[in-house]
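Position 151, counted from 1, in the sequence shown is what my numbering calls 167; the numbers after and before it change by one each time, with no gaps.
Cβ coordinates follow ideal geometry from the N, Cα and C atoms, glycine included.
Notes for the one structure printed next.
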Amino acid sequence: MIIRDAQFTISAVSLEQCPQGHEPEVTLSGRSNVGKSSLINRLLNRRNLARTSASPGKTQTLNFYHINEAFYFVDLPGYGYAKVSKSLQQQWGPMIESYLMDRNNLRLILQLVDIRHEPSKEDKIMTEYLRGIGRPFAVVATKADKISRGALARHVAMLSKSLQLSAEDRLFATSADTGLGVEELWDFIEQATL
Ligand SMILES: Nc1nc2c(ncn2[C@@H]2O[C@H](COP(=O)(O)OP(=O)(O)O)[C@@H](O)[C@H]2O)c(=O)[nH]1
Ligand SMILES: [Mg+2]
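Printed below as a string of structure tokens:
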């Protein structure tokens, strides 16, 4: 994919605020700090387009990035962060749910999990939920540079088992730091957004 143009366009807090029109959207879901913003930056070859943060949990909006004036990446608010206020946690569910269920433009959901660890309860609930709504999704195991090449297959197998992935489900091991797995992921994204 040649990125001619990548622009942050809007932070939406409801479906009504999402961009008009029918351009395809690829969304990234995952707990705070899993590497959503970093992966967007790596996919787009932009250092700081999506804001990465050392103090996670702040982004409670759907952040839209317009690519080549043709499609969008959508950075979802991270879940499972203790410091968000109760009211924000209460807002999180309904907004994300209505986006994931009702947004016609949505073509692909990337569910991010940290390759190093057993998925959290929320990761499992989210993956189960995505399977349930029947929209195309893939699991992306982030921070693959943090484990040795030799351990990669073992961690991928652990995640597949724990998230109960089937043979048809796709899982990509990626690193926003080294770019590992990013080309493969792009091929998949392109197929999904065509
Ligand atoms: N080593 C390594 N660190 C990463 C990677 N992706 C994200 N990080 C770090 O993890 C932290 C959280 O990343 P961020 O993209 O802000 O996560 P988000 O909250 O899901 O958007 C930051 O300190 C990033 O630098 C990766 O692939 N490799
Ligand atoms: Mg982020």
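Take residue i as the anchor and find which of the options has the nearest alpha-carbon.
i      : options                          : result
LEU78  : GLU85, ALA66, ASN84 and ALA86    : ALA66
ALA169 : SER182, LEU187 and LYS137        : LEU187
GLN127 : SER164, ASN121, GLY166 and GLY46 : GLY46
ASP139 : ILE83, LEU181 and ASP203         : LEU181
ARG63  : ALA189, ALA167, GLN23 and PRO110 : GLN23
ILE19  : GLY166, ASN61 and PHE204         : ASN61
ARG132 : LYS159, ILE112 and ALA183        : LYS159
GLU113 : GLY148, ILE26 and HIS171         : GLY148
ALA86  : LEU116, ILE125, GLY109 and GLY37 : GLY37
ARG119 : GLY166, LEU31 and PHE153         : LEU31
PRO110 : ALA167, TRP202, ILE163 and VAL29 : VAL29
Whose C-beta lies closer than 7 Å to the C-beta of residue i among residues of the same chain, with five residues either side of it excluded?
i     : result
PRO72 : In this prediction, PRO72 has a pLDDT of 49, which is less than 50 and means its spatial position is unreliable; what the coordinates show is noted afterwards. Same-chain partners within the cutoff: SER48, ASN49, GLY94 and TYR97.
ARG58 : ALA192, GLY195 and VAL198
Between residue i and the rest of its own chain, which residues show a CB-CB distance below 8 Å, the 5 nearest in sequence each way excluded?
i      : result
PRO135 : VAL129, THR143, LEU175, SER178 and LEU179
GLU200 : PHE188
I'd like to know whether the C-beta atoms of residue i and residue j end up nearer to each other than 8 Å.
i      : j      : result
ARG151 : ALA208 : no
TYR88  : PRO35  : yes
VAL156 : THR190 : yes
SER54  : ASP91  : no
ASN121 : ASP21  : no
Which residue or residues does DSSP assign as beta-bridge partners of residue i?
i      : result
TYR95  : ARG47
ARG186 : ALA154
ASN79  : SER27 and ASP91
Leaving aside the five residues before and after residue i along the sequence, list all residues of the same chain whose C-beta is less than 6 Å from its C-beta, in chain order.
i      : result
ILE205 : VAL42
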